[in-house]
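Residue numbers (the numbering used here), protein chains in the order written: chain S, 1 to 307; chain P, 1001 to 1264.
Worksheet: one structure, shown below.
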Amino acid sequence: MLRYTLRRLLGAIPTLFLVIVLAFLLVHAAPGGPFDDERALPAEIEANIAAAYHLDEPLPLQFLRYLGGVVRGDFGPSYSYRDYTVSELIGRSFPVSLQLGVLAMLLAAVTGVSLGVVAALRPNTALDKIVMGVAMTGISIPVFVIAPLLVLLLAVQLQWLPASWTGSESSSRLLLPVISLALPQIAYIARLTRASLIEVLSSDFIRTARAQGLGTAAIVRYHALKPAMLPVLSYMGPAVAAVLTGSVVVEEIFGIPGLGQLFVRGSLNRDYTLVLGVVIFYAALIVLLNLIVDLLYGAIDPRIRRR
Amino acid sequence: MVSGGVLCAIGLVAVIGPWISPNEYLTADFNNILRSPAFADGHVFGTDDLGRDLFVRTMMGVQVTFAVAIVASIVSLVIGVLYGATAGFVGGRVDAVMMRLVDTLYAMPFIFFVILLLVVFERNFLLIFVAIGAINWLDMARIVRGQTLSLREREFVQAAQLLGVSTPKIILRHIAPNLIGVVIVYVTLTIPQAILIESFLSFLGLGVQEPQTSLGKLVNDGTDQMEGAAWLLLIPATLLAVILLCFNFLGDGMRDLFDSRRSE
């Protein structure tokens, strides 16, 4: 297990390095500099600014300097929020997004698996067809369509829940964003669970268990669920990535001051260092979470480790 | 089948609709600002906060959405087929390196890179197309490679090799045409992804710019107005959902069809 962990850990490094190189080069290929203004500055001042931000150095040196900073968790200063460093901005907004993401993933996993199991136990009945039809719709409708529709229905028309983050202090303000984020994932997980559980239930060892007189509930709980969860578990990596991207939209819709909103604001303001920092942060997060999922997978299924 | 029909119908209306509608795409009708949908006054879907006709705008949005989907799919198709076919046909170390690169790229959060790309360069229409296509080719490359591996051993390829046909020519002339079946199925599956990404970017204000519009942008505009004028959100949102749903069903159906044929 230790060797497997080390191998996976080493495999993640080239990916992250590639991300940093690509992102860095992209930003530096940008036409014009961050301090280009309509008003022309005297040459000395421009030279001073360039020196202060190390923009006068050759590109490889700038890259090494940046890379060294990133390794120590320092993404440099933000261009548009002049008094903050990018790391401070990320540190301030990430906890909000984290809370949102964790709650959405929990909701998605619990609801999705339950729905999938219910559908798998009664395949091709009306109940199964309804659950799967709803799931297909849930997969097809993007978060930025679901979220405004939920707001329209539950916050504007029925007035059950607050429509925006800032308008309320209670934890009910979390409810709509979390549901909007979780819905597509619930749909995916339900479909995966159903398909994989149906397959497992038709395998020989389940027939043996049934022949020995075990009830359906015990079979599902003790024998079928664990192997059936493997495809679902391997979907968790992409699911986390989808929730992260979804949270960019959801934070924008509900006005939540999280990482996604910071990213969109930075993009619209053309704040290069901020966008660069957030992209690298997101990439590191996704690579890390994929790694965790892989390790969990290896822990559950010993066959994987040997490969 | 039904979904294919619905898609054709939407496409047809989107092309013909703006043409026969009495309203212009950009003209603001200041007497009819935020008019709710009604057949009587010619604004079938109502008007937005500037008095522009929502029907014509929605149909223009559908056109943009379809255009993005088609161009992005072609880009991903060309890159994916060439890359996958080359890796599969040449094989050996080249194959290993090329597929390792695909694996590495898979782990990258591409959508953030597209946003970075749009931040760095001027936002233009073409860039969005190309960027979306550039994301979607990875799946295609993998599938094409797998198919090519089996095609490589077939007699007609060996015959071409014996006749001294060059490798690039074999890939283009003999391998690529035989991949069409698989490729078509997976293109149907990448189209909704392309649409999704485009509308996601437009929703965030990073995609198509005024005065052009797309369904994602219309949904975003509708979100701002939903308390007083819900139709501005509901109509484009429903249309986008229906289009995506149809493409997903179509792709699923075609994959089933294809897989069952292959298993026979």
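Ideal Cβ placement from N, Cα and C applies to all residues, glycine included.
Any C-beta of chain P under 8 Å from that of residue i
| i | result |
| --- | --- |
| residue 23/S | yes |
| residue 292/S | no |
| residue 5/S | no |
| residue 245/S | yes |
| residue 8/S | no |
| residue 240/S | no |
| residue 252/S | yes |
| residue 141/S | yes |
| residue 193/S | no |
| residue 120/S | no |
| residue 29/S | yes |
| residue 145/S | yes |
| residue 176/S | no |
| residue 270/S | yes |
| residue 267/S | yes |
| residue 257/S | no |
| residue 282/S | yes |
Beta-carbon proximity check, residue i vs residue j, cutoff 8 Å
| i | j | result |
| --- | --- | --- |
| residue 251/S | residue 78/S | no |
| residue 267/S | residue 1206/P | yes |
| residue 182/S | residue 135/S | no |
| residue 117/S | residue 279/S | no |
| residue 1199/P | residue 177/S | no |
| residue 309/S | residue 291/S | No answer is possible for residue 309/S: the residues shown for chain S start at 1 and end at 307. |
| residue 1064/P | residue 1208/P | yes |
| residue 1114/P | residue 1135/P | yes |
| residue 16/S | residue 284/S | yes |
| residue 130/S | residue 180/S | no |
| residue 235/S | residue 188/S | yes |
| residue 1010/P | residue 1068/P | no |
| residue 1242/P | residue 1006/P | yes |
| residue 228/S | residue 193/S | yes |
CA nearest to the CA of residue i, picked from the options
| i | options | result |
| --- | --- | --- |
| residue 1104/P | 1054/P, 1126/P and 1138/P | 1138/P |
| residue 1054/P | 1221/P, 1253/P and 1177/P | 1221/P |
| residue 91/S | 122/S, 270/S and 282/S | 282/S |
| residue 289/S | 269/S, 277/S and 243/S | 243/S |
| residue 1191/P | 1005/P, 1073/P, 1152/P and 1059/P | 1073/P |
| residue 124/S | 259/S, 223/S, 203/S and 195/S | 195/S |
| residue 1061/P | 1246/P, 1216/P and 1251/P | 1216/P |
| residue 151/S | 1224/P, 1005/P, 1070/P and 1255/P | 1224/P |
| residue 223/S | 99/S, 10/S and 208/S | 208/S |
| residue 110/S | 83/S, 55/S, 174/S and 185/S | 185/S |
| residue 1112/P | 214/S, 302/S and 277/S | 277/S |
| residue 1189/P | 1202/P, 1092/P and 1248/P | 1248/P |
| residue 287/S | 241/S, 113/S and 215/S | 241/S |
Neighbourhood of residue i by C-beta distance below 6 Å, restricted to the same chain and skipping five residues each side
| i | result |
| --- | --- |
| residue 274/S | 78, 86 and 266 |
| residue 300/S | none |
| residue 19/S | 283 |
| residue 293/S | 236 and 237 |
| residue 6/S | none |
Proximity test, Cβ basis, 8 Å: residue i and chain S
| i | result |
| --- | --- |
| residue 1254/P | no |
| residue 1205/P | yes |
| residue 1263/P | Because the pLDDT at residue 1263/P is just 40, under 50, the model does not fix this residue reliably, and the value given afterwards should be weighed accordingly. Not an interface residue. |
| residue 1179/P | no |
| residue 1199/P | yes |
| residue 1127/P | no |
| residue 1226/P | yes |
| residue 1343/P | For residue 1343/P there is no data in the structure shown, the boundaries of chain P being 1001 and 1264. |
The alpha helix (DSSP H) enclosing residue i, as first and last residue numbers
| i | result |
| --- | --- |
| residue 199/S | 175 to 201 |
| residue 268/S | 259 to 268 |
| residue 48/S | 43 to 52 |
| residue 223/S | Segment: none, residue 223/S is in no alpha helix (DSSP H) and carries neither H nor E. |
| residue 1174/P | Run containing residue 1174/P: none; DSSP gives neither H nor E here. |
| residue 88/S | 86 to 121 |
| residue 1198/P | 1180 to 1203 |
| residue 1161/P | 1155 to 1162 |
| residue 1230/P | Note, residue 1230/P: premise wrong, no alpha helix (DSSP H); not H, not E. |
| residue 1/S | Neither: residue 1/S is in no alpha helix (DSSP H) and is coded neither H nor E. |
Near the ligand SAM: residue i beta-carbon under 7 Å from a heavy atom
| i | result |
| --- | --- |
| residue 152/S | Of ligands this structure carries none, so the ligand SAM is not represented either. |
Residues of its chain near residue i, where Cβ-Cβ distance is below 8 Å and the 5 sequence neighbours each way are ignored
| i | result |
| --- | --- |
| residue 1262/P | With a pLDDT of 45 at residue 1262/P, under the threshold of 50, the predicted position of this residue should be treated as unreliable, though the coordinate-derived value follows. If we look at residue 1262/P and ignore the five residues flanking it on each side, it has no Cβ neighbours. |
| residue 1144/P | 1080, 1081, 1083, 1084, 1085, 1088, 1179, 1182 and 1183 |
| residue 69/S | 75 and 76 |
Cβ shell of residue i (< 7 Å), same chain only, five flanking positions each side left out
| i | result |
| --- | --- |
| residue 73/S | 87 |
| residue 1186/P | 1139, 1140 and 1143 |
| residue 148/S | 253 |
Where residue i meets chain B, residues with beta-carbon distance less than 8 Å
| i | result |
| --- | --- |
| residue 1104/P | The question asks about chain B, but that chain is absent: this structure's protein chains are S and P. |
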